[in-house]
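Beneath this line is the structure, given in structure tokens, with notes to follow.
Numbering (my numbering), first residue to last: 1410 to 1997.
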């Protein structure tokens, strides 16, 4: 059942509504990406505009941590709250975009898309370029209240409908607040092809392409397990050639660095996802139906993506200031590292007790980066990290920094720290909640000020985990060789709030036959002991020869809380690849 009615042909694709395409070729829309996060390569926008033909250029500037940063900006000045880097990029790129007929779509509006739209208009006047600027709003739910104490931002993840309405009305530049990252692409595709809400497969294909593009150079070899296969001195940014049926070819401009292969696209498809159902506001894309085909150098086709009705709720991200934290890293060099760590820990704990103001949370970690008989002092040293948190700044300030400094001449031999301890800094907390999609008023604000209400999906479907598909036939029992998993499998990991996802894929069919049976949840926990006591869910994606593990709670209260030294779980996948297993010799 979808939205209280049976799923049938009515839930499938309908003939597209005739519209004027936003690019010169009605059959294909070329969409590029010039930003994967707030702080990405500054000249990427110019590079994408001048490197080859494009119809639309997108930029993703928002992340969980970014929303907290923008929320603090807005506290200082209500006129702020958007990504100012985007404006500086447009100083050089706006004229180029107009000259080449490229529309620009970016979520750089953050918490103030209307303010950014006005700023773009002012910039256009300043540089002498005539542009039509529109924006999308409705995601900011902070004023609704009821979110609890200390919430700085409350933003629903909107779909691509508002973007599509702005582009259909002729906007040259569209800025949004918090939309899903893939909506930048799927919204543009809706506008070009005239897709309607029932065109679920087409929308799902565009969402898959948008997910590949959203993180910029990660689709062209950046952060790729087998990075030695390609020249990564300066990887280019990706683009998608989207067809009317929702299929797409992922590629990049000629002459740019990096590479687009089935491996780089697979890695990005697995990034920051969970199960086979990839839910969004416009459609739930079935990642288990994705098929990848390498059509030539730097050309990978995404096809076969099936779509289902979206869920009845929207993900809403809440950020708040969680309290105060401080950190001291002690350097332990040479002999007796463990004993040195025990000594300084006892001394610091005694200082907390003596002060009568012990931080609410005290965490110690010892990283044994030292080597025996090292020829370089740094290689002879281990790092003992102390992290403290408390709602009271005083509890993480002088009581911590003073105690550490006072040990300089009274602790283990060779005492020093990596940096002078400070007074403590605020940390943030991210929380995702679900709100009724029908109660979130997405609005496209056109260049002339006309406000167009974007209705929520009329047909919805609750997201349920799919049963595991049939696994491939296991490899015959044979000789094995001890070695790191990464010899036969790639991985990419990332964060979603306090959870980490770790996508693992095999490079060959034979390796997949082994991986699918060998890398169970139990084995995953054995290989990564930090996950042993945490909920771990495994999802199987045979078309991608991939497994996706979701580890709940590994990141505490999210990236802004800095709960572990890799707060976004960026390298958990590479840690997994470095762990040794008994691997069949036939795979070498």
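Beta carbons are placed, not taken as given, at the ideal position from N, Cα and C, and that holds for glycine.
Closest by C-alpha distance to residue 1666, out of 1641, 1873, 1696, is 1641.
When 1481, 1680, 1804, 1736 are compared, the shortest CA-CA separation from residue 1826 is found for 1736.
1561 is the residue among 1561, 1919, 1897 whose C-alpha sits nearest the C-alpha of residue 1476. Taking a cut-off of 8 Å for Cβ pairs, the stretch 1768-1779 and the stretch 1790-1804 touch, as three or more such pairs fall below it. The secondary-structure analysis by DSSP pairs residue 1716 across a beta bridge with 1694. Classified as buried, residue 1837 has 16 or more neighbouring CB atoms from the shown chains inside 10 Å of its CB. Assigned with DSSP and collapsed to three states, residue 1549 falls in strand. Judged by DSSP in its simplified three-state form, residue 1569 adopts coil rather than helix or strand. Membership of residue 1845 in the beta strand (DSSP E) is indicated by the continuous run 1834-1845.
Assigned with DSSP and collapsed to three states, residue 1957 falls in strand. A straight-line Cα-Cα distance of about 11 Å links residue 1517 and residue 1524. Around the CB of residue 1661, 16 or more other CB atoms lie within 10 Å, so the residue is classed as buried. The three-state secondary structure of residue 1673, taken from DSSP, is helix.
The beta-carbon separation of residue 1805 and residue 1797, rounded to 5 Å, stays under the 8 Å limit for a contact. Around residue 1874, the same chain offers 1684 as residues with beta carbons nearer than 7 Å, after the five sequence neighbours per side are excluded. Ranked by Cα distance from residue 1916, the first of 1676, 1994, 1752, 1908 is 1676. About 7 Å separates the beta carbons of residue 1586 and residue 1520, which is inside the 8 Å limit, making them a contact pair. Here the stretch 1685-1705 lies against the stretch 1952-1959, with 3 or more beta-carbon pairs under 8 Å apart.
Each residue's CA atom was taken as its position, placing residue 1534 and residue 1877 some 56 Å apart. By the Cβ criterion, the stretch 1720-1730 is not in contact with the stretch 1746-1756, since fewer than three pairs of Cβ atoms, one from each stretch, lie closer than 8 Å. When rounded, the separation of the alpha-carbon atoms in residue 1810 and residue 1832 is 7 Å. For residue 1865, same chain residues with a beta-carbon under 6 Å away, outside a window of 5 residues either side, are 1846, 1847 in chain order. Residue environment analysis places residue 1620 among the buried positions, since at least 16 neighbouring C-beta atoms fall within 10 angstroms of its C-beta. Segment contact: the stretch 1454-1462 against the stretch 1640-1655, three or more CB-CB distances shorter than 8 Å; contact assigned. For residue 1708, the closest of 1628, 1719, 1819 by C-alpha to C-alpha distance is 1628. Cβ atoms of residue 1862 and residue 1852 come within 8 Å of each other, at about 6 Å. For residue 1659, the enclosing beta strand (DSSP E) stretches over residues 1657-1661.
Look at residue 1780 here: in three-state DSSP terms it is coil, with no helix or strand label. Taking a 10 Å sphere around the C-beta of residue 1808, we find 16 or more other C-beta atoms and assign the residue as buried. For residue 1993, the enclosing beta strand (DSSP E) starts and ends at 1989-1993. In the DSSP assignment, residue 1544 forms a beta bridge with 1584, 1854.
Here residue 1905 is buried, its C-beta having at least 16 other C-beta atoms within 10 Å. Annotated three-state conformation of residue 1790 is strand, per DSSP. 9 Å or more divides the Cβ of residue 1576 from the Cβ of residue 1584. Contact between residue 1909 and residue 1800 fails: their C-beta atoms lie close to 26 Å from each other, not under 8 Å. Around the beta carbon of residue 1702, fewer than 16 other beta carbons lie within 10 angstroms, which makes this residue exposed.
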